[in-house]
Amino acid sequence: MAVTKDLLSGAIFALVGLIVVIEAQNHAMGSLLRMGPGYYPTFVGVLAILIGAALIAKSVMQGGPAVPRIAFRETAILTASIIVFAVSLERLGLVISTYLLIGIGSLAARPYRPLETLLLSTALVIVGAAVFWWFLQLPIPLWP
Amino acid sequence: MELLQNLAFGFGVALSFSNILYCLIGVTVGTFVGVLPGIGPMAAISMLLPITFGLDPVGALIMLAGIYYGAQFGSSVTSILLNIPGHAAAAVICLDGHPMAKQGRAAVGLVGSAIASFIGGSLAIILVMQFAPPLAVFALRFGPTEYFSMMLLALLAAAALTQGSFLRGFGMVVMGLIIGTVGIDVNSGAQRLTFGNWNLADGVSFVIVAMGFFAIAEVLSNLEPNSKPQMIGSDFKWRELVPTWHDFKQAFGSIIRGFGVGSLFGVLPGSGPTIASFVSYSVEKKVSRTPERFGKGALEGVTGPESANNAAAVAGFIPTLTLGVPGDAIMALMLGCLMIFGIQPGPSVITDNPELFWGLMASMWIGNLLLLILNIPMVGVWVRVLKIPYRILFPSILLFICIGVYATNNNVFDILMLAGFGVVGYVLSKLDCPAAPLLLGVILGPLIEENLRRALLISGGDPSVFITHPISLGLLLVAAAVVVVFSYSGLRARSNKPAPIASPDND
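Quick note, the sequences are listed as chains W and U, same order.
Under our numbering, residue 144 is the last one in the first sequence; the count climbs by one each step, no gaps.
Under our numbering, residue 1507 is the last one in the second sequence; the count climbs by one each step, no gaps.
Pasting the structure below:
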C-alpha cells in the first residue's frame, strides 16, 4: 500500500489527537454545566482522532496522490542553523550568532559560495544590529 | 452627516505627520516584499511585525495595513509583467494580465489594476464606515452562545474555502485549536499540554506559529532542489500606452461587480480576498458578451478580480474590528497584533478607540492613493528587485524571522519552537494541508473554549441552547450551507490552481 497524502496527514492528526486525549486525562473533566480543564481538550483531541481515522479510511479505500519527495537535507540544515542561533544568541551575542545562522543556513543553497556568504553575513550583522539593537533597543548583547 | 464628521476626524488622525510616514513606509516596504519572489503578504506581515512594536497602536495598525495592501499590489505587478503571482489571490491576475503584457499593453494592465484596486478598496471603505458601527451596536447583543456559533462559522468556512480537501482543512483547524489549548487554563490554573515546561505556561504565541507555518515553511519549499523561486523574466518593454476611454468603459462595470463580490466574501468570516478574486473572475467571464477573450488579455479579467481582492481585504476589517472574529489568516494576524497592543477587538472598539477605527479607515484611503501615484512610475524599480538571487534573499529572511520571534517575548525558547513549527509546517504543506485554517484555530481556540464554557454555564448545561437562540441558529445554518456549497462545487477545483510561487509544489 502506497503512502498517500491522506494517509500520512490522517496519521499525524490521529497521533496528535491521541497525545492530547491522554494528556487531558491528568485534568478534571467536570460536566457540561461546569467544564473542568480536561473537558475541551478531550473533545478536541477526539475530534482530531476521528478526522485522522476518516482520512486514513479514505486513503485505504480510494487511494490518492502519493507523498511527494521532502527536502530532508535542506530541512535539516535550516533547522540546525536556527537551533544554533537560539542557543548562541544570549551567550555569544548578536554578532557571532548572526554569522553562525547565515553561515550554516546558507549551506542549504547550492552552489555554496563562501565569500558571498561572508559578505552577506557582515551586511546583515550591520543591518540587524542597527534595526534591532540600536533602533528597537532589544535587550540582546552584541558581543559575548 | 455623522459619517462626514467621523471621516474628518479620521483624516485628522491619519494626516498627522508620523501616521503618513508609517503609511508610506508600510506601503513601500509592503510593495518591495510583495515583489520579492517567494514571499506572500502573510510572511511579509509576520516578518515585519516586530518592527511595529515600538509604535503606538494606531500607527502600528496603519503601517501593517499598508504592508498588507502594498504586498498585494506588488504581487499584481509581478503577475502582469512576469507571470509570477506572489500569492494565491494574484494567480487570477496572471490569467489575463500577463497576456496583456505580451501584447504590449502592460501599462494598461498595471494602471487598470491599480485603479481597480483603488476604486474597489475605496467603495469598501465607505461600506465599512456605514455598516461597522451599526453592526457593532447589534453585536453588543451577542452573548457567549452567539459568539461561539460565530467562531464556529469562521473556522468551518476557513476549512471549506481553502485549497485541498475539506477534511484536511478541518483537521488543520483542529490542530490549531489544540495549539490554542497549550498553557495555563485561566479558569482552573491547570497546566495543559505543557509537559512540565515553564516556557509553555503562557501558551504558544500565534506569531511563532505564523512565522513557522508561513515564513519558514515557504523558505523550505523554495529551497527544494527542483524548485525555481528565481524566475528571471524577460525584460519587459515599457511601451507607453495610455489607457483609452474605451478601456475605462470596458473596465468600469467589472470594477463595480468586483466590489460587490469582494465585499460579500470579505464580510463572511473564514473566506477572504483569494476566494473573492477567483469568484469575480468567473463572474466576469459569465456576464461578458465575449467570453472567448478571457485568458487572452481581457482587461475585465484583471480589473474585476483586482477590485474584488481589495474590496474583500478592506471589508474583512468589519468582522475583525467589530466582532473580534477575523475573516482570514491575515486578519487573524492583525487581530493578534491588536491584542499585543492591549486592545481587545470587539463591539466596543469603535466607541472606545475611535481614533484607531476612523484613523485606520482614512489611512487606507491615503495608502491606496499613495500606491497609485508612487508605484506606477516605479514599476521599473520593482522589476529589478525581482532579480535578487534567492540564495541572498533567504538568509536575510531567516535572520529577520529569528530575531523577530525573539523580540516578541525576549525568550530563546520561542526560536526553538519556531524551528519545530517550520519543519512541521513544511511537511504538512507537502501533504496539501493548508496553514491558514490552523492559524485561525490558534487565535480563536482560547476564545471559542471560553465562550463554549460560558454559554453552557448560563444555559444550565443544556447544549440545545445553540439552536434555540435565533441568531446562533442562523449562524450555524450559514456555516452548514458554506460547508455544503463550497465542499461540493466547482469553485474549489478552480481555486486549487497552484500558483508557482505561492504553493511551490512541483510534483
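Every residue gets a Cβ at the ideal spot worked out from N, C-alpha and C, and that includes glycine.
Here the structure is a predicted model, which is why all the values come from computation and not from measurement.
Local Cβ density within 10 Å of residue i, reported as buried at 16 or more and exposed below that
{"i": "residue 1415 of chain U", "result": "buried"}
{"i": "residue 1461 of chain U", "result": "exposed"}
{"i": "residue 44 of chain W", "result": "buried"}
{"i": "residue 1209 of chain U", "result": "buried"}
{"i": "residue 98 of chain W", "result": "buried"}
{"i": "residue 1505 of chain U", "result": "In this predicted model, residue 1505 of chain U has a pLDDT of only 32, less than 50, meaning its place in the structure is not dependable; the value taken from the coordinates is given anyway. With fewer than 16 other Cβ atoms within 10 Å, it is exposed."}
{"i": "residue 105 of chain W", "result": "buried"}
{"i": "residue 1036 of chain U", "result": "buried"}
{"i": "residue 1328 of chain U", "result": "buried"}
{"i": "residue 1191 of chain U", "result": "buried"}
{"i": "residue 1422 of chain U", "result": "buried"}
{"i": "residue 110 of chain W", "result": "exposed"}
{"i": "residue 1019 of chain U", "result": "buried"}
Per-residue DSSP class, three states only, for residue i
{"i": "residue 1184 of chain U", "result": "strand"}
{"i": "residue 4 of chain W", "result": "strand"}
{"i": "residue 1506 of chain U", "result": "Caution applies to residue 1506 of chain U, whose pLDDT of 29 falls short of 50 and renders its modelled position unreliable; the value that the coordinates give is listed next. Note: residue 1506 of chain U maps to coil in three-state DSSP."}
{"i": "residue 34 of chain W", "result": "coil"}
{"i": "residue 1192 of chain U", "result": "strand"}
{"i": "residue 66 of chain W", "result": "strand"}
{"i": "residue 1023 of chain U", "result": "helix"}
{"i": "residue 1204 of chain U", "result": "coil"}
{"i": "residue 1387 of chain U", "result": "coil"}
{"i": "residue 140 of chain W", "result": "coil"}
{"i": "residue 1352 of chain U", "result": "helix"}
{"i": "residue 1013 of chain U", "result": "helix"}
{"i": "residue 1062 of chain U", "result": "helix"}
{"i": "residue 1072 of chain U", "result": "helix"}
{"i": "residue 1213 of chain U", "result": "helix"}
{"i": "residue 28 of chain W", "result": "coil"}
{"i": "residue 1343 of chain U", "result": "coil"}
{"i": "residue 1378 of chain U", "result": "coil"}
{"i": "residue 1168 of chain U", "result": "helix"}
{"i": "residue 41 of chain W", "result": "helix"}
{"i": "residue 109 of chain W", "result": "coil"}
{"i": "residue 1395 of chain U", "result": "helix"}
Residue i, enclosing alpha helix (DSSP H) - first and last residue
{"i": "residue 146 of chain W", "result": "An answer regarding residue 146 of chain W cannot be provided, because it is not within the stretch 1 to 144 covered by chain W."}
{"i": "residue 1278 of chain U", "result": "1273 to 1287"}
{"i": "residue 1257 of chain U", "result": "1245 to 1267"}
{"i": "residue 1430 of chain U", "result": "1412 to 1430"}
{"i": "residue 1323 of chain U", "result": "Per DSSP, residue 1323 of chain U belongs to no alpha helix (DSSP H) and is neither H nor E."}
{"i": "residue 1094 of chain U", "result": "1091 to 1102"}
{"i": "residue 1292 of chain U", "result": "From DSSP, residue 1292 of chain U is part of no alpha helix (DSSP H); its letter is neither H nor E."}
{"i": "residue 1118 of chain U", "result": "1106 to 1139"}
{"i": "residue 79 of chain W", "result": "72 to 105"}
{"i": "residue 946 of chain U", "result": "Absent from the structure is residue 946 of chain U, since the part of chain U shown begins at 1001 and ends at 1507."}
{"i": "residue 1036 of chain U", "result": "Element bounds for residue 1036 of chain U: n/a, residue is neither H nor E."}
{"i": "residue 122 of chain W", "result": "114 to 128"}
{"i": "residue 1486 of chain U", "result": "1470 to 1487"}
{"i": "residue 1053 of chain U", "result": "Run containing residue 1053 of chain U: none; DSSP gives neither H nor E here."}
{"i": "residue 1145 of chain U", "result": "1144 to 1161"}
{"i": "residue 1306 of chain U", "result": "1300 to 1315"}
Residue-level contact to chain C via CB, residue i, 8 Å cutoff
{"i": "residue 1028 of chain U", "result": "The question asks about chain C, but that chain is absent: this structure's protein chains are W and U."}
(message) At a CB distance below 8 Å, what residues from the region 97 to 117 of chain W approach chain U? Give them in sequence order.
(response) 98, 101, 102, 105, 106, 108, 109, 110, 113, 116, 117
(message) Using 8 Å as the cut-off, can you tell me whether the region 1263 to 1274 of chain U makes contact with the region 1150 to 1160 of chain U, which would need three or more C-beta pairs spanning the two stretches below that distance?
(response) yes
(message) Using a Cβ-Cβ cutoff of 8 Å, what residues of the region 42 to 53 of chain W are near chain U? List them in chain order.
(response) 44, 45, 47, 48, 51, 52
(message) Across the region 1313 to 1324 of chain U and the region 1120 to 1136 of chain U, are there enough close Cβ pairs to call them in contact, namely three or more that are closer than 8 Å?
(response) yes
(request) Note down, in chain order, all residues in the region 1322 to 1349 of chain U with a beta-carbon under 8 Å from any beta-carbon belonging to chain W. (result) none
(message) When you compare the region 78 to 89 of chain W with the region 1213 to 1224 of chain U, are there three or more beta-carbon pairs, one atom per stretch, that lie closer than 8 Å?
(response) yes
(message) Quick check: the region 1091 to 1101 of chain U against the region 1109 to 1118 of chain U, are at least 3 beta-carbon pairs closer than 8 Å?
(response) yes
(message) Give me the subset of the region 1454 to 1478 of chain U whose CB atoms are less than 9 Å from a CB atom of chain W, sorted by chain position.
(response) 1456, 1457, 1459, 1460, 1461, 1462, 1463
(message) Taking 8 Å as the cut-off, does the region 1021 to 1032 of chain U touch the region 1177 to 1193 of chain U (at least 3 CB pairs, one atom from each stretch)?
(response) no
(request) For the region 1420 to 1435 of chain U, enumerate the residues whose C-beta is nearer than 9 Å to any C-beta of chain W, in chain order. (result) 1420, 1422, 1423, 1424, 1426, 1427, 1428, 1430, 1431, 1432, 1433
(message) Could you check whether the region 1470 to 1483 of chain U touches the region 1351 to 1364 of chain U, counting it as contact only if at least three pairs of C-beta atoms, one from each stretch, sit closer than 8 Å?
(response) no
(request) Could you list the residues in the region 67 to 78 of chain W with a C-beta less than 7 Å from some C-beta on chain U, going in chain order? (result) 67, 68, 70, 71, 74, 75, 78
(message) Using 8 Å as the cut-off, can you tell me whether the region 1137 to 1151 of chain U makes contact with the region 1427 to 1436 of chain U, which would need three or more C-beta pairs spanning the two stretches below that distance?
(response) no
(request) Report yes or no: do the region 1388 to 1408 of chain U and the region 1039 to 1056 of chain U share at least 3 C-beta pairs separated by less than 8 Å? (result) yes
(request) May I ask you to verify whether the region 1247 to 1255 of chain U touches the region 1290 to 1297 of chain U, counting CB pairs closer than 8 Å and requiring at least 3? (result) no
(request) Below 8 Å between beta carbons is the criterion; list the residues of the region 1173 to 1188 of chain U that meet it against any residue of chain W, in chain order. (result) 1174, 1175, 1177, 1178, 1181, 1185, 1187, 1188
(request) Would you check if the region 1113 to 1121 of chain U and the region 1255 to 1265 of chain U touch, i.e. whether three or more CB-CB distances between them fall below 8 Å? (result) yes
(request) Pair every Cβ in the region 66 to 74 of chain W with every Cβ in the region 1422 to 1432 of chain U, then say whether three or more of these pairs are closer than 8 Å. (result) yes
(message) For the structure I just gave you, are there three or more beta carbon pairs, one from the region 1005 to 1024 of chain U and one from the region 1344 to 1361 of chain U, closer than 8 Å?
(response) yes
(message) Under 8 Å, with one C-beta from each stretch per pair, do the region 49 to 69 of chain W and the region 2 to 9 of chain W reach the 3-pair mark?
(response) yes
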